[in-house]
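Quick notes on the structure that follows.
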Amino acid sequence: EAQVTQNPRYLITVTGKKLTVTCSQNMNHEYMSWYRQDPGLGLRQIYYSMNVEVTDKGDVPEGYKVSRKEKRNFPLILESPSPNQTSLYFCASSTPRDRSTGELFFGEGSRLTVL
Amino acid sequence: GNSVTQMEGPVTLSEEAFLTINCTYTATGYPSLFWYVQYPGEGLQLLLKATKADDKGSNKGFEATYRKETTSFHLEKGSVQVSDSAVYFCALSVGNFNKFYFGSGTKLNVKP
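Order-wise, the sequence lines are chains Y and H. In terms of our numbering, the first sequence is residues 341 to 455. In terms of our numbering, the second sequence is residues 6 to 117.
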């Protein structure tokens, strides 16, 4: 089954404790992206990657890092989480052709709480 | 810059009622416009799209027309069902589709 898998789905952590949210897709997609969803603000793009070893900032990259060492994986790293990073995070993937039609394939989301 | 503004929710309707969710946008360049739907506990799914002025996107009984003169892309459905209860996001992308800009989402509740 074609899917985008995020882990963990739920996490409660404390300020300053490094964490990684993993994202893996099995569709051989070149493009992957991370979003955060906050009430009243919708989805905001954090980082995206056009292919292996190619990443770029979205609109809200501060406090986050990403890497793209393999095509299928695009982990989101919070080196020193803060409470303002409490949010619902979504990973998405796509191909160039699908992206031109707006077709992004989303994971089920990871709800992160930073105390 | 690029941004999308949606009407505040939640919107509560009875089954078979007519639905309109307003969406307006600002964009640098000529955007493509999209509506995404998010069912409870799931990620977003593309509902419909329009890539140029006066195009009408449609899917599952939903429609939206790309109005360049009013910079709008309102979502409509003639007769909603309980199964349409979800959060609806208007979105745009400009240029090479590397970045997508989403509105704040509108929650729709449909009561039997």
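We treat Cβ as the ideally placed atom computed from N, Cα and C, and that holds for glycine.
- Under the three-pair Cβ rule at 8 Å, the stretch 100–109 of chain H does not count as touching the stretch 64–77 of chain H.
- What Y/F446 touches in chain H, judged by beta-carbon distance under 9 Å, is Y41, Q43, E47, G48, L49 and Q50, going in chain order.
- Put simply, the backbone Cα of Y/F430 is about 7 Å away from that of Y/E448.
- Under the DSSP assignment, H/P36 falls in the beta strand (DSSP E) whose first and last residues are P36 to Q43.
- L51 and K54: these are the residues of the stretch 51–72 of chain H whose beta carbon lies less than 7 Å from some beta carbon of chain Y, given in chain order.
- Under the DSSP assignment, Y/R437 falls in the alpha helix (DSSP H) whose first and last residues are P436 to S440.
- Under the Cβ distance rule, Y/E370 does not count among the residues neighbouring chain H, no pair being separated by less than 8 Å.
- Neighbours of H/K104 in chain Y, taken as residues at a C-beta separation under 8 Å, are given in chain order as Q385, Y388, G398 and D399.
- Rounded to the nearest whole angstrom, the CA to CA distance from H/C95 to H/N27 is 9 Å.
- Judged by their CB atoms, Y/P421 and Y/L359 are nearer to each other than the 8 Å cut-off.
- Look at H/V87 here: in three-state DSSP terms it is helix.
- If you ignore the 5 residues before and after Y/S433, its C-beta comes within less than 7 Å of the C-beta of V344, Q365, M367, H369, Y371, M372 and F445, all in its own chain and listed in chain order.
- Collapsing the DSSP output to three states places Y/N368 in coil.
- Against chain Y, the beta carbon of H/F94 has neighbours under 8 Å at G382 and L383, listed in chain order.
- Residue contact with chain H for Y/T441: present (Cβ-Cβ distance below 8 Å to some residue of chain H).
- Cβ-Cβ separation between H/T25 and H/E68: approximately 10 Å, too far for a contact (criterion under 8 Å).
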